[in-house]
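S.K.: If you're matching them up, the sequences are chains A and B in order. Quick note on my numbering: the first sequence kicks off at 1 and runs consecutively. Quick note on my numbering: the second sequence kicks off at 1001 and runs consecutively. Positions of the beta carbon are idealized from the N, C-alpha and C atoms, including for glycine. Have a look at this one before I ask anything.
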Amino acid sequence: MPRRRFLAASAALLLAASLGVQAEDYPTAKVNTTGLAVTDTTVTVGQLHSATGTMAISETGSIEAEQLAIDQINAAGGVLGRQIKVIKEDGASDWPTFAEKAKKLLVNDKVASVFGCWTSASRKAVLPVFEKENGMLYYPTFYEGLEQSKNVIYTGQEATQQILAGLDWICKEKHAKTFYLIGSDYIWPRTSNKIARKHIENVLKGTVVGEEYYALGQTQFGSLINKIKLKKPDVIYAIVVGGSNVSFYKQLKAAGITSDKQTLLTISVTEDEALGIGGENLKGFYSAMKYFQSLQNANNPDFVKAFKAKYGEKSVIGDVTQAAYLGPWLWKMACEKAGSFDVDKIAAASPGIEFTKAPEGYVKIHDNHHLWSKLRIGQWQADGQAKVLYESDLIEPNPFPKGYQ
Amino acid sequence: MIILAYSASEIWSILVMQGFAGLSLFSVLLLMALGLAIIFGQMGVVNLAHGEFMALGAYIVYLCSEVVQNHMPSLAPYYFVIAIVVAFLVAGIVGAGVEWGMMRFLYRRPLDTLLATWGLSLIMQQTFRSIFGAREVTPTLPEWLMGSFKPTQNIDIPINGVFVMALSLLLTGGITLFMFKSRTGLHIRATMQNRAMSGAVGINTGLVDRFTFALGCGIAGVAGAAFTTIGSTGPDSGQRYIVDTFLVVVFGGSASLLGTVASAFGIAQGQSISEFFLEGTMGKVATLMGIVAILMLRPQGLFPSKVRV
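Shown next, in the form of structure tokens:
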């Protein structure tokens, strides 16, 4: 063992000893009855994101946040007295590759848990593998809901947690009656807009004056902007993702649709996207998220400081990045509650776990493996950061909402 | 009819802006297709890395923007014009290098060209990713480009759209003059029509190939540079453009510049009108169906080449 690593390892062991969690208290034969990659001193986990391809833009933040959490856990003594080792696999933005790599992690490497996936498509591709091989996946992205599995912990919001409270707020604050729904053309925006439409029509008694989808990567929104000008909705509700985002907001601004004349609420712009779009093009528009980098609470400033210290002063933290950071911590707490690394025991122990040190504040795992979380409305500023204007109460996750399908 | 609920002046301004949206899409498509019309249309080379040359141009603008911001902020309002020239030169030089290192061995093997240029596109994408990172980047554009121009109260004409339009018209005019009025243009056309005979009368056909390929790539670089005003740039931005680009060139009839212009105009107007009356995705579907139908009737495209081969 190289001396530096030896020193680091002994320091960590010492620290662990001083904290009172020791590997000897948890003999390997007892904490690992299913043949996972657990030794007396280490436990191996997997990380499965796209480091290359289209999705690398979005997934890089999650990779970084998970690594930060793992480093911090290791520095604090690891999990059940064992240091976490990570095997990183690249899903390469290709869904069959995700399934293949998931199988490799679970069958060949016998990892104790996997932190990974970003798009719904990649999650759907690996889900059968995780259920068949009985693995554990911590999934960070806010998504459309309509899913629940023993083998997945969803650390992002499902659709109702992100949509309903946001619409309620905008309706109350802006006395909004008419909405124009816009999305990129795939499952998440379509399902989310379906829920939004039901809520607008049935609960808020408003009208949807337009609902449109544009291909991923669309860069021309001239016709759409003219229709918006013609219909003059009170609120533009936008779920445009990826590169299209930049064109969309730039063209809105160039067409004179700015926040002093038009209210716009989006659930697809985080600090990561804002970096690409440019704060000056977003200024005054609203995002509904559970986390913003500017959030002021007891935990967040330390998290932001640690993140910037590791990844540079210019790095930004978006909603999903924060949710990804929760994964390793929630897994550690589940292992400690269960006193075991066994997937079945972790799955059973997870509901009810509370994480009070979460950068977003307090979260708790629900019986349905989603998190209780708050919704926040942020207003974008010229510097690409959001000012938090509103914070809801803790919202119960409800991946199968009745009356919204 | 929705129209009834609006005043005449509102309908007039929507008509103007919608017309402008169509023209703006037209100039974008034309700009994308010009370089390919030269490489594919004149040389018959299917260059699947064309989109990556556009991305290269866009990244050059980004680099210039970073340099100007950090070292010579006083140049910020004008750097964009210089950046476009730099993008043209760099993309052209890289294109010449690619022709010298790869393409010239493949002219008689069109299918291998397809694979080789596709491989090249993957290499270029990964290079962008390694150098600039996976995140999309946007250059800081001069303020005068980003506003809108308001002839009346209800009409907003985006200045970046006007800029792209002017650039693409200028470039099309320039290329047409160059191809049909200059001596080099004559050499290019001669070489493409009859290589052996051109060689026999003393034209250095190898050099002409290199120059033509480089010119096409350089124009792709300019297109990419112009697109930074309407979108962001990522390692795989090129992939977004390549399908539309081939669509325009093939639909226009591959060997004719006029065909490229007409096809870009037709596709742009068709798409922007159908997007207005249908919704986004359906508008695209309607446009593509129209193109398929027309290509079934005219497999050679709108303006097929009349040259005997």
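1) If we cut at 8 Å on Cβ distances, does N418 of chain A have a partner in chain B?
2) Is there a Cβ of chain A sitting closer than 8 Å to that of L1169 of chain B, yes or no?
3) Using the beta-carbon count (16 or more within 10 Å), is K1150 of chain B buried or exposed?
4) Taking 8 Å as the threshold (C-beta atoms), are F1227 of chain B and I1291 of chain B in contact?
5) Per DSSP, what kind of secondary structure is D90 of chain A in: helix, strand or coil?
6) Look at the Cβ atom of A1076 of chain B, then the Cβ atom of P1142 of chain B, and state whether they are nearer than 8 Å.
7) Just how far apart, CA to CA, sit L1295 of chain B and L1288 of chain B?
8) Sort B:L1029, B:G1022 and B:G1019 by Cα distance to G1259 of chain B and report the nearest one.
9) Within the 8 Å Cβ cut-off, does G1290 of chain B reach chain A?
10) According to a CB-to-CB cut-off of less than 9 Å, which residues of the stretch 246-258 of chain A neighbour chain B?
11) Please go through the same chain and pick out, in chain order, the residues whose beta-carbon is closer than 7 Å to the beta-carbon of V1068 of chain B, but skip the five residues on each side of it.
12) Could you check where the beta strand (DSSP E) with E212 of chain A kicks off and where it finishes?
13) Which bits of chain A does P1077 of chain B rub up against, with CB to CB less than 9 Å?
14) Does any residue of chain B have a CB that is nearer than 8 Å to the CB of E212 of chain A?
15) Hey, does D185 of chain A have any beta-carbon neighbour from chain B nearer than 8 Å?
16) Return the Cβ separation of K290 of chain A and K374 of chain A in integer angstroms, given the expectation that the two are a contact with Cβ distance under 8 Å.
17) Going by DSSP, which residues form a beta bridge with G361 of chain A?
18) Using a Cβ-Cβ cutoff of less than 7 Å, which residues in the same chain neighbour L1278 of chain B once the five nearest sequence positions on both sides are dropped?
19) Output, in chain order, the set of chain B residues within a Cβ distance shorter than 7 Å of G278 of chain A.
20) Please report whether the beta-carbon of F1246 of chain B lies at a distance below 8 Å from any beta-carbon of chain A.
21) If we count the other Cβ atoms within 10 Å of its Cβ and call it buried at 16 or more, is I365 of chain A buried or exposed?
22) Pairs of beta-carbons, one from the stretch 181-196 of chain A and one from the stretch 213-222 of chain A, closer than 8 Å: are there three or more?
23) Can you tell me where the alpha helix (DSSP H) with Q251 of chain A in it begins and where it stops?
24) For T1152 of chain B, which option in B:E1010, B:Q1193, B:A1200 and B:H1071 has the closest C-alpha, if you only look at C-alpha atoms?
25) Report yes or no: do the stretch 36-46 of chain A and the stretch 85-92 of chain A share at least 3 C-beta pairs separated by less than 8 Å?
26) Could you give the distance in angstroms between the alpha-carbon of G1133 of chain B and the alpha-carbon of G378 of chain A?
27) Here's a check: name, in chain order, each residue in its chain whose Cβ is nearer than 6 Å to the Cβ of Y390 of chain A, leaving out the five neighbours to either side.
28) Where does T119 of chain A sit, in a helix, a strand or coil, going by DSSP?
29) Taking Cβ positions only, does S223 of chain A come closer than 8 Å to chain B?
30) One question on the structure: do F355 of chain A and L326 of chain A come within less than 8 Å of each other, judged by their Cβ atoms?
31) Using a Cβ distance threshold of 8 Å, determine whether the stretch 1187-1197 of chain B contacts the stretch 1153-1170 of chain B, with at least three qualifying pairs required.
32) Helix or strand or just coil, what does DSSP make of F285 of chain A?
33) Candidates A:A306, A:G242, A:S122 and A:N202: which alpha carbon is nearest G403 of chain A's?
34) What is the DSSP secondary structure of S184 of chain A, counted as helix, strand or coil?
35) Using the C-alpha atoms, what's the distance from D1209 of chain B back to R1308 of chain B?
36) Check whether the stretch 300-315 of chain A and the stretch 328-341 of chain A are in contact - that is, three or more C-beta pairs closer than 8 Å.
M.R.: To lay it out plainly:
1) Chain A is shown only over 1 to 405; residue 418 of chain A falls outside these bounds and no answer can be derived.
2) For the purposes of this step, residue 1169 of chain B is identified with residue 169 of the second sequence, where counting begins at 1. So no, L1169 of chain B is outside the interface.
3) As a position in the second sequence, residue 1150 of chain B is number 150, starting the count at 1. Burial call: exposed.
4) Translated into the one-based positions of the second sequence, residue 1291 of chain B becomes position 291. Translated into the one-based positions of the second sequence, residue 1227 of chain B becomes position 227. Contact flag unset, no.
5) On the first sequence, position 90 is the one that residue 90 of chain A refers to. If DSSP states are grouped into helix, strand and coil, D90 of chain A belongs with the strands.
6) As a first step, residue 1076 of chain B is located in the second sequence; it is residue number 76 there, counting from the start. As a first step, residue 1142 of chain B is located in the second sequence; it is residue number 142 there, counting from the start. Yes, the pair counts as a contact, with Cβ atoms nearer than the cut-off.
7) Position 295 of the second sequence, counted from the first residue, corresponds to residue 1295 of chain B. Position 288 of the second sequence, counted from the first residue, corresponds to residue 1288 of chain B. Spanning the two alpha carbons is a distance of roughly 10 Å.
8) Taking the first residue of the second sequence as 1, we reach residue 1259 of chain B at position 259. Nearest C-alpha to G1259 of chain B: B:L1029.
9) As a working note, residue 1290 of chain B is residue 290 in the second sequence. No, its Cβ sits nowhere closer than 8 Å to a Cβ of chain A.
10) V246, S247, K250, Q251, K253, A254, A255, G256 and I257
11) Within the second sequence, numbered from 1, the residue matching residue 1068 of chain B stands at position 68. If we look at V1068 of chain B and ignore the five residues flanking it on each side, its Cβ neighbours are L1075, A1076 and Y1079.
12) Against the first sequence, residue 212 of chain A aligns to sequence position 212. Taken as a continuous stretch (DSSP letters only), the beta strand (DSSP E) holding E212 of chain A covers T207 to Y214.
13) Counted from its first residue, the second sequence places residue 1077 of chain B at position 77. Simply none; closest approach about 16 Å.
14) As a working mapping, residue 212 of chain A is identified with position 212 in the first sequence. Output row for E212 of chain A: interface = yes.
15) The sequence position of residue 185 of chain A within the first sequence is 185, counting from 1. For D185 of chain A, the answer is yes, since a Cβ of chain B falls inside 8 Å of its Cβ.
16) Looking up residue 290 of chain A in the first sequence gives position 290. Looking up residue 374 of chain A in the first sequence gives position 374. 6 Å between Cβ atoms; contact.
17) Within the first sequence, numbered from 1, the residue matching residue 361 of chain A stands at position 361. G361 of chain A is bridged to A:A358.
18) Your numbering for residue 1278 of chain B matches position 278 in the second sequence. The answer, listed in chain order, is A1286.
19) Working through the first sequence from its first residue, we reach residue 278 of chain A at position 278. Listed along the chain, the chain B residues whose CB falls inside 7 Å of the CB of G278 of chain A are T1138.
20) By 1-based counting over the second sequence, the position of residue 1246 of chain B is 246. Chain A, which has no Cβ nearer than 8 Å to the Cβ of F1246 of chain B, makes this no.
21) Mapped onto the first sequence, residue 365 of chain A falls at position 365. That one is buried.
22) yes
23) Numbered from its first residue, the first sequence carries residue 251 of chain A at position 251. Unbroken alpha helix (DSSP H) run through Q251 of chain A: S244 to A254.
24) Within the second sequence, residue 1152 of chain B is the residue found at index 152, counting from 1. Answer by Cα proximity: B:E1010.
25) The stretch 36-46 of chain A is in contact with the stretch 85-92 of chain A.
26) In the second sequence, counting from the first residue as 1, residue 1133 of chain B sits at position 133. In the first sequence, counting from the first residue as 1, residue 378 of chain A sits at position 378. Their backbone Cα atoms lie some 27 Å apart in a straight line.
27) Here residue 390 of chain A corresponds to residue number 390 of the first sequence, with the count starting at 1. W169 and I377.
28) Here residue 119 of chain A refers to the residue found at position 119 of the first sequence. Three-state DSSP puts T119 of chain A in coil, outside helix and strand.
29) As a working note, residue 223 of chain A is residue 223 in the first sequence. Yes - at least one Cβ of chain B is within 8 Å of the one on S223 of chain A.
30) For this step, residue 355 of chain A is matched to residue 355 along the first sequence. For this step, residue 326 of chain A is matched to residue 326 along the first sequence. Here F355 of chain A is near L326 of chain A, since their CB atoms are less than 8 Å apart.
31) Flag = no, the stretch 1187-1197 of chain B and the stretch 1153-1170 of chain B do not touch.
32) Position 285 of the first sequence, counted from the start, is the residue given in the question as residue 285 of chain A. If DSSP states are grouped into helix, strand and coil, F285 of chain A belongs with coil.
33) Indexing the first sequence from 1 puts residue 403 of chain A at position 403. Comparing Cα-Cα distances from G403 of chain A to each of A:A306, A:G242, A:S122 and A:N202, the minimum goes to A:N202.
34) Stepping through the first sequence from its first residue, residue 184 of chain A is reached at position 184. Looking at S184 of chain A - three-state DSSP - the assignment turns out to be strand.
35) On the second sequence, position 308 is the one that residue 1308 of chain B refers to. On the second sequence, position 209 is the one that residue 1209 of chain B refers to. Bear in mind that the predicted position of R1308 of chain B carries a pLDDT of just 46, short of 50, making it too unreliable to give a figure here.
36) no
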